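Engineer: Numbering of the sequence shown is given in my numbering, commencing with residue 51 and proceeding in unit increments. Every residue gets a Cβ at the ideal spot worked out from N, C-alpha and C, and that includes glycine. Being a predicted model, the structure only gives us computed values, none of them experimental.
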Amino acid sequence: MNNNVLIKISGLQMVDDTGDNVESMSAGKYYLKKDKHYVLYEDMDDENDEITKNTIKFNSETVEVTRKGLVTGKLVFKKGKNNQSLYSTPFGDLLMEVYTKDILLEEKEDNIDLKIDYELYANNSKVSDSIININIRETV
Numbered sequence: 051m052n053n054n055v056l057i058k059i060s061g062l063q064m065v066d067d068t069g070d071n072v073e074s075m076s077a078g079k080y081y082l083k084k085d086k087h088y089v090l091y092e093d094m095d096d097e098n099d100e101i102t103k104n105t106i107k108f109n110s111e112t113v114e115v116t117r118k119g120l121v122t123g124k125l126v127f128k129k130g131k132n133n134q135s136l137y138s139t140p141f142g143d144l145l146m147e148v149y150t151k152d153i154l155l156e157e158k159e160d161n162i163d164l165k166i167d168y169e170l171y172a173n174n175s176k177v178s179d180s181i182i183n184i185n186i187r188e189t190v
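1) Could you check where the beta strand (DSSP E) with E114 kicks off and where it finishes?
2) Just how far apart, CA to CA, sit K103 and K58?
3) What separation, rounded to the nearest whole angstrom, lies between the Cα atoms of Y149 and N53?
4) Determine the burial state of I184: buried for a count of at least 16 other Cβ atoms within 10 Å of its Cβ, exposed for fewer.
5) Work out the CA separation of S60 and T68 for me, nearest whole Å.
6) One question on the structure: do R187 and V72 come within less than 8 Å of each other, judged by their Cβ atoms?
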């Protein structure tokens, strides 16, 4: 796969039996280094036009999502494990925790599909059951 990619992220968050779908698309860069995949891209907050730099580093066992911008933090997903991290927001810091139920990685010549099934906690309270689907495909 070449370095120029299109990243499609779709997610489903279940809160109190109510589902909320989120979807975004961004152009970005892809690299493979020492058996780890790296995806770098930027997105913009709709409310205040702030740019956030995102890095997704992953293999079949671990996914790390790092955001740097108005909201800054890092989430680490490891199948069957709890991971805590601090998210900094304009309104203060949030202690975030994820319990990763499953990670599925499917690699093809010109695209990669990554699915993460997890529980999200904020300040020790369960927020949602969530699924993120990430599709990375090369652009021409």
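Structural biologist: Let's see:
1) It spans T112 to K118 - the beta strand (DSSP E) in which E114 sits, taken as one unbroken run.
2) Those two C-alpha atoms are separated by around 15 Å.
3) Straight-line measurement puts the Cα of N53 at about 31 Å from the Cα of Y149.
4) Per the 10 Å Cβ criterion, buried.
5) Our two residues, T68 and S60, have alpha carbons roughly 16 Å apart in a direct line.
6) In this structure, V72 does not lie closer than 8 Å to R187 by Cβ.
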